[in-house]
Amino acid sequence: MELLTDPKQLYALVSLLGAAALYLYDWGVDERIQTLHALILGWSGLMYLNFETEWYVVELTYYADWILTTPMLVLALAVTATGEISERAWKAAVAQGGVITTGYLAVDAGDGMAMMFLLSCGLLVYVLLSLRELISEDLELLYWITAGTWVLYPVVWWYTGGELLAAPVAMVLIPFISKHGLAIADITIAKEQ
1027 MELLTDPKQL
1037 YALVSLLGAA
1047 ALYLYDWGVD
1057 ERIQTLHALI
1067 LGWSGLMYLN
1077 FETEWYVVEL
1087 TYYADWILTT
1097 PMLVLALAVT
1107 ATGEISERAW
1117 KAAVAQGGVI
1127 TTGYLAVDAG
1137 DGMAMMFLLS
1147 CGLLVYVLLS
1157 LRELISEDLE
1167 LLYWITAGTW
1177 VLYPVVWWYT
1187 GGELLAAPVA
1197 MVLIPFISKH
1207 GLAIADITIA
1217 KEQ
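The numbering of the sequence shown is our numbering, which starts it at 1027 and goes up by one.
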């Protein structure tokens, strides 16, 4: 495969460059917000590099990305919304890790796939409601970017029958919007506060 002909390669490169820019440049916002988004983009970029390997890890790459980045997104939003990472924010972040875990178990479950899918969706609703409580009206954009893109993941998962590798463009666009878009919106809003 030639360099940068695959959307996942481009995503990995843009994510790693974005992480470096977030980490190295002073954006004039709370350091925790900047560091969390740099870690999110960096980890996601590294995980997408796994698609270029022949390792068994490729099947777990999406979940290895999400299990760390989505709870960190919850924490970054909490810092922007409240200036702190409260116990409620930690609970929402842990629940978001549960969403990813049950999503993976749904893929692995075979016969119990529908049950695990519903459990995962239930946890997602809990996380989104918890986020809603944390985020004030002036941060509506952050909430809707997060909620909208996170709801798309199970929709794509269900549509592909649990075969996320069958939807490569969607599985690059959704993370790009949910991670890069949210980082830009979060930092922009944090600068204005």
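Backbone N, C-alpha and C define an ideal beta-carbon position, used for all residues, glycine too.
From the DSSP output, in three-state form, read off residue i for me.
i               : result
valine 1195     : coil
serine 1112     : coil
valine 1055     : coil
isoleucine 1213 : helix
methionine 1027 : Residue confidence is low: methionine 1027 scores 49 on pLDDT, short of 50, so the model does not pin down where it sits. Its coordinate-derived value is still stated next. Methionine 1027 falls in the coil class under three-state DSSP.
glutamate 1189  : coil
isoleucine 1161 : coil
glutamine 1219  : coil
aspartate 1220  : For the chain, the structure presents residues 1027 to 1219; residue 1220 sits outside this window and is missing.
threonine 1079  : coil
aspartate 1134  : helix
Could you round the C-beta distance between residue i and residue j to whole angstroms and report it? I think they count as a contact, below 8 angstroms.
i              : j               : result
threonine 1087 : methionine 1073 : 5 angstroms
serine 1204    : tryptophan 1176 : 7 angstroms
Taking the straight line between their C-alpha atoms, what separation do you get for residue i and residue j?
i               : j               : result
aspartate 1212  : asparagine 1076 : 28 angstroms
isoleucine 1059 : leucine 1160    : 15 angstroms
alanine 1192    : tryptophan 1183 : 9 angstroms
lysine 1117     : glycine 1124    : 10 angstroms
leucine 1067    : glutamine 1122  : 18 angstroms
threonine 1127  : proline 1180    : 13 angstroms
leucine 1144    : tyrosine 1152   : 12 angstroms
valine 1100     : leucine 1199    : 20 angstroms
alanine 1046    : isoleucine 1111 : 24 angstroms
leucine 1178    : glutamate 1189  : 14 angstroms
threonine 1061  : arginine 1114   : 21 angstroms
glutamate 1232  : aspartate 1091  : The chain is shown only over 1027 to 1219; residue 1232 falls outside these bounds and no answer can be derived.
tyrosine 1089   : methionine 1197 : 12 angstroms
leucine 1048    : glutamine 1219  : 19 angstroms
serine 1162     : leucine 1094    : 25 angstroms
Apply the 10 Å Cβ neighbour rule to residue i and answer buried if 16 or more other Cβ atoms are within range, or exposed otherwise.
i               : result
lysine 1217     : exposed
leucine 1155    : exposed
valine 1105     : buried
valine 1133     : buried
glutamate 1071  : Going by the sequence as given, residue 1071 is glycine instead of glutamate. Its Cβ being crowded by 16 or more others within 10 Å, glycine 1071 is buried.
glycine 1129    : buried
alanine 1140    : exposed
threonine 1214  : exposed
serine 1041     : buried
tryptophan 1096 : Looking at the sequence shown, residue 1096 is not tryptophan but threonine. Classification of threonine 1096: buried, given that the 10 Å Cβ count is 16 or more.
glycine 1148    : exposed
glycine 1187    : exposed
glycine 1044    : buried
leucine 1050    : exposed
- Message: Counting beta carbon pairs with one atom in the region 1163 to 1172 and one in the region 1030 to 1042, are three or more of them shorter than 8 angstroms?
- Response: no
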